[in-house]
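Here is the structure we will look at, set down as structure tokens.
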Amino acid sequence: MPSQFLSVLASTAPDPTREPGLYAFLAGDWTFDARVWLPDGRVHEGEGEIHADWVLAGRALQDVWILPGIFHGTTLRIPDAARHGWHIFWSDPLHHYYGRQLGRAVGPDIVQIGRDDTGQATRWSFSDRMPDSFTWRGETADDEAGPWQLVAEFHCRRAPA
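The numbering of the sequence shown is the numbering used here, which starts it at 48 and goes up by one.
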């Protein structure tokens, strides 16, 4: 008998008793052009994809980000009204990279600040948001005071239906 897992994980819409919130724009399918600065100094350029939708009875948003050879992971985004932000849990089992952040609106942008599983400070941001495009940047630092170093930049566009 097939598992019911996917049918109980997925939701058709955000929870109607809550505001969809900060990450509602992300629901759907996206493609992106990426530049990633690798630890050895090389720059990887490639194309990737994002797939995002509501989960857990519409109380969270989950996405899958794929950049072949670099990462294939998932983010769970859960709103927390008491903290005026969203908990962000990133998991990339391809490279055993895990991180936790808190995401908040900063002007027109979304900025997520946290740490990866090695303790390094991370800042991920969504900027230049339009209905069918946005820019995502990943930065790292020794601590949350910076200085921040750009390690990834993705120019994303909504995938054709």
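From the three backbone atoms N, C-alpha and C, an ideal C-beta is built for every residue, glycine too. Treat the numbers as computed from the prediction; the structure is a model and nothing was measured.
Between which residues of its own chain and residue i is the CB-CB distance below 8 Å, once the five residues before and five after are set aside?
i	result
residue 65	105, 106 and 126
residue 155	174 and 176
Given a threshold of 16 other Cβ atoms within 10 Å of its Cβ, counted over all protein chains shown, does residue i qualify as buried or as exposed?
i	result
residue 153	exposed
residue 124	buried
residue 204	exposed
residue 100	buried
residue 51	exposed
According to DSSP, is residue i part of a helix, a strand, or is it coil?
i	result
residue 53	helix
residue 69	coil
residue 106	coil
residue 151	strand
residue 74	coil
Under 8 Å by Cβ, that's how I've got residue i and residue j pegged, so tell me the actual separation to the nearest angstrom.
i	j	result
residue 199	residue 81	7 Å
residue 95	residue 79	5 Å
Leaving aside the five residues before and after residue i along the sequence, list all residues of the same chain whose C-beta is less than 7 Å from its C-beta, in chain order.
i	result
residue 62	104, 105 and 106
residue 142	118
Report the option in the options whose CA atom is closest to the CA atom of residue i.
i	options	result
residue 121	97, 150, 195 and 201	97
residue 197	139, 131, 84 and 140	84
residue 129	149, 113 and 140	149
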